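According to our numbering, the sequence shown is numbered sequentially starting from 5. The structure appears right after this line, and notes come after that.
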Amino acid sequence: MVRLEYPQYQKAVDAYIKGQSTFFHKARRSIELSRKEKLLLDVRAKFRIADWHAALELLERFPSSEGIDFLSAECDFLMATAYFQMGQMEMASVYNLKSLDKYRQLNDRRGSFLSSYNLSSNYSRQGCLKLAEYYLSLALGLAETPSEKVLILRAQACECSKQSRFQEAIALLKRAMELRQDLSEGDFINLKTVAADIYFRAGMVDMAEELLNDVRLVQSNLEHIRAEFDWRLLNVLKSGQRLGVQPELLSSSDEYLLKWKIAKALEGGERKEAMIHWKSLMDLFPQTYKDHFETLRESDAKTIFMKYVAEMTKPKDLDRHVQRCQVKQGSLLEKLFAVLKSANGPLRKEEIIEHLWETAYLPEYDARFYKLVERLKSQTGLKIVVANRAYRLEYKSNA
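This is the structure:
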């Protein structure tokens, strides 16, 4: 077995996987390690603090070698992991394919399993479902340990969830949870993150929130970024509270940093800015997202992120509310109502003024605008919510 040729390196990796931080950091300083082994372990140390860019910089310094060797396969595998965590699925696929090819040539079952499994996940995220199914079948044939079997169950649960087969998905999760005693801390945390997504899609919101909170509090795991992001959006959806300040850890993920910028822009009524970031997200995931804040597949519209986007952009059926009111057709008042209604989310004051008076924004329009807003509120009984200089319509509870 090729891994036995690198005993000190493997001890350190095992400690990393089991979450034994003290032993891991001690093991990676061993004088028995080669330069290449130390570099790869330093990369995993960067993974622990979610510093993916620094990890990639280290991997780019990995010494090249002739032929196929185990450490070069490990380098490609870690490259793929870093790109995956940064949301760059195409690059993750490229390096997982490289690592799979090398592990196969080395007859390394464990590496072949992990690369196959990760390829299934990469292709699933890109919408290439047949490829995802193919590589998952490869992984299934290679799975031997309880933790590997849990990964397969987790992937199968995800696929059931995407097809809205939630009872099957939850049954698979329960089977996976029964193997808890055989899992490392990292594997169990990963399972919780996936379970949270599935429970949310199934409408079990409190369960999803509980699991996300568990994961986000364990800051040394690779799922911390996703859990923190989803937990914050879920709290907004449940309680109506604001997003607050961007968590610093999101800066290390291209995917979640973009999603945060979209969420904040929509919250602040910056629709043009939100659309710019949305275009970037579409470029990053061309098989998942499309124009107008929509997804290509119906199942992807059920995530916490997309539920938040839908809530912030959903059309408001307010016409019946105004039909009872005496608002002169063609007036600025009617125009203000039409602008706010069609916005499908908060709009900045400056943008509304430009719509109403069909000119570039000037501060002298502010007073007229404020009076117009008050007139609309008093004559229609509508509630106009203002947050961060952004305006949106809402029914009054007694209307």
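Just so you know, even glycine gets a beta-carbon here, dropped at the ideal spot from N, CA and C. These numbers were taken from a predicted model, which means no experiment stands behind them.
Query, Result
"How long is the line joining the alpha carbons of lysine 435 and arginine 393, rounded to whole angstroms?", "Residue 435 is absent from the model: the chain starts at 5 and stops at 403."
"For serine 188, I'd like the list of residues in its chain whose CB is within less than 8 Å of its CB, leaving aside the five on either flank, ordered along the chain.", "Ile21, Lys22, Gly23, Ser151"
"Between the C-alpha atoms of glutamate 358 and arginine 352, what's the straight-line distance to the nearest angstrom?", "10 Å"
"Using a Cβ-Cβ cutoff of less than 7 Å, which residues in the same chain neighbour phenylalanine 192 once the five nearest sequence positions on both sides are dropped?", "Arg184"
"Using the beta-carbon count (16 or more within 10 Å), is glycine 334 buried or exposed?", "exposed"
"Where does histidine 413 land, buried or exposed, given buried means 16+ other C-beta within 10 angstroms?", "In the structure as shown, the chain begins at 5 and stops at 403. Residue 413 is therefore absent and cannot be evaluated."
"Please state whether the Cβ-Cβ distance between glycine 248 and proline 350 is less than 8 Å.", "no"
"By the 10 Å Cβ neighbour count, where 16 or more other Cβ atoms means buried, how is glutamine 167 classified, buried or exposed?", "exposed"
"Could you say which of Arg275, Asp287, Gln109, Leu157 lies nearest to arginine 396 if we only look at CA atoms?", "Arg275"
"Expressed to the nearest angstrom, what Euclidean distance is found between the alpha-carbon atoms of leucine 104 and phenylalanine 117?", "8 Å"
"Indicate the three-state DSSP secondary structure (helix, strand or coil) for arginine 169 in the structure shown.", "coil"
"Quick one, which of Lys196, Asp18, Glu163, Glu9 has its alpha-carbon nearest leucine 75's?", "Glu9"
"Taking the C-alpha atoms as reference points, what is the distance between leucine 63 and glutamine 171?", "42 Å"
"Does valine 17 pass the burial test, meaning 16 or more other C-beta atoms within 10 Å, or should it be called exposed?", "buried"
"Sorted by chain position, which residues of the same chain lie with C-beta nearer than 7 Å to alanine 84's C-beta, five sequence neighbours on each side aside?", "Ala96, Tyr99, Asn100, Ser103, Asn122"
"To which residues does DSSP link isoleucine 202 through a beta bridge?", "Isoleucine 202 pairs with nothing; no bridge assigned."
"If we count the other Cβ atoms within 10 Å of its Cβ and call it buried at 16 or more, is leucine 380 buried or exposed?", "buried"
"Name the two residues that bound the continuous alpha helix (DSSP H) containing leucine 386.", "Here leucine 386 belongs to no alpha helix (DSSP H); instead the beta strand (DSSP E) covers 386 to 391."
"Per DSSP, what kind of secondary structure is lysine 332 in: helix, strand or coil?", "coil"
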